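I have placed the structure first, in the form of C-alpha cells, so that the comments after it can refer back to it.
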Amino acid sequence: MLPLFFSTNVFYSYQQNVVNRTTFNIRTGSLNGALYWFAQMVGGLVIGSILDMPRCNRRRRARVAWCFLFTTGMGIWGGGYAFQKWFDHRMAMGFKQTIIDYTDSVSVGPMFLYIFYGCYDAFWQSFCYWLVGASSNSPAVTAVLVGAYKTFQSIGGAMAWRINALGHPVMTQFAIDRGICMGSLVFAIPAVLTVTMTSDS
C-alpha cells in the first residue's frame, strides 16, 4: 500500500498551479476552487456507496472499488492528457496563460476536468483509508498504517511541489502524476486481493 499512500498528494501541485492558476483568470480560478472541494464531497458519497454496498462482502467491495478507481482514473487522466496537449498548443500559439474566463465557451471542458479531478481525489483518499481499516482490527496496527499513510503522503506531496517549483515542463509534471497514480494502483493489487472477510489481528 505504500506507493498508494505516496501518490495521494502528488497531483495537487499540478492541478492547482497548472490546471487552475495558469489556465483561468482569478475569478474563474476561485470558482473552480469552490467547485473542486464541492466535487470532493460528491466523490466521497460516490465511493462511500461503493465501499459500503449492501449484500456485498468486504472482499468483493475491495475489488469493485479498485476497478472503479482504475477505470475512472484512466478516464479522468486521459481527459487530463487531452487538456495538456490543448494547453501546450495554446501556449505555442502565444495565448496568455490567464485569459480564460468562465463566460468563455472554451472554459467548459477544462472546468469540468478540474471538477472531476476533485472527485477523483475523494475516491483516492477514501479508498486508501478504507484499505487501512480493512487491514486490521487492532488499534495499534491501524495507527502504524495511518502513520505510514501520512508520512508517505507528505513525502510525495513535497516531491511534487519541488518539481513544480523548479519549473519543469507541465507535460512532464502531468506524466509523473499520472504515472505514479496509475502505477501505484497496480502495486496495490496484492493488498486488495488479500482483503479478508474479517480481520483478527
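In this note's numbering, the protein residues as written are 33 to 233. Just so it is clear, CB atoms sit at the ideal spot from N, CA and C, and this is done for glycine as well. As the structure is a computational prediction, the values presented were derived from the model and not from experiment.
Inset, instruction - May I ask you to report which of helix, strand or coil DSSP gives Phe56? - result: Residue state, collapsed to three classes: strand.
Inset, instruction - Measuring alpha carbon to alpha carbon, tell me which of Ser216, Ala94, Thr55 ends up nearest Val140. - result: Thr55
Inset, instruction - Could you round the C-beta distance between Gly80 and Ser158 to whole angstroms and report it? I think they count as a contact, below 8 Å. - result: 6 Å
Legend entry - Contact between the region 62–75 and the region 146–160 (3+ Cβ pairs under 8 Å): yes
Legend entry - For Asp136, the nearest candidate out of Asn57, Pro86, Gly211, Pro222 (CA to CA): Closest by C-alpha distance to Asp136, out of Asn57, Pro86, Gly211, Pro222, is Asn57.
Legend entry - Rounded C-alpha distance that separates Cys213 from Ser39: 6 Å
Legend entry - Proximity to Phe102 [Cα-Cα], best of Val218, Pro222, Gln48: Closest option to Phe102, Cα to Cα, is Val218.
Inset, instruction - Kindly indicate which three-state DSSP category Ile82 falls into: helix, strand or coil? - result: helix
Inset, instruction - Return helix, strand or coil for Ile293, following the three-state DSSP convention. - result: Summary: the structure shown does not reach residue 293, with the chain confined to residues 33 through 233, and so no result is reported for it.
Legend entry - Near the ligand FMN: Leu217 beta-carbon under 8 Å from a heavy atom: Ligands displayed in this structure: none; no statement on the ligand FMN is therefore possible.
Legend entry - Cα-Cα separation, Val224 to Gly126: 47 Å
Legend entry - Element boundaries [alpha helix (DSSP H), containing Gly215]: 202–219 is the span of the alpha helix (DSSP H), which, as asked, contains Gly215.
Inset, instruction - Can you say whether Asp84 is buried or exposed, counting buried as having 16 or more other CB atoms within 10 angstroms of its CB? - result: exposed
Inset, instruction - Less than 8 Å between the CB atoms is what I'm expecting for Phe206 and Tyr44, so what's the real figure, rounded? - result: Rounded, the Cβ-Cβ distance is 13 Å, inconsistent with contact.
Inset, instruction - Determine the extent of the alpha helix (DSSP H) in which Phe102 is found, giving its start and end residues. - result: 90–124
Inset, instruction - Leaving out five residues on either side along the sequence, give the residues of the same chain with a beta carbon under 8 Å from the beta carbon of Leu145. - result: Val51, Ile108, Gly111, Gly112, Phe115
Legend entry - Same chain, Cβ closer than 7 Å to Val74, five either side skipped, listed in chain order: Cys151
Inset, instruction - Tell me whether the beta-carbon of Ile208 lies closer than 9 Å to the beta-carbon of Ala220. - result: The Cβ atoms of Ile208 and Ala220 lie no closer than 9 Å to each other.
Inset, instruction - Put Ile131 into one of helix, strand or coil per three-state DSSP. - result: Three-state DSSP puts Ile131 in coil, outside helix and strand.
Legend entry - Inter-residue spacing [alpha-carbon to alpha-carbon] between Ala197 and Asn49: 10 Å
Legend entry - Candidates Leu36, Gly211, Asn64: closest to Asp133 by CA position: Asn64
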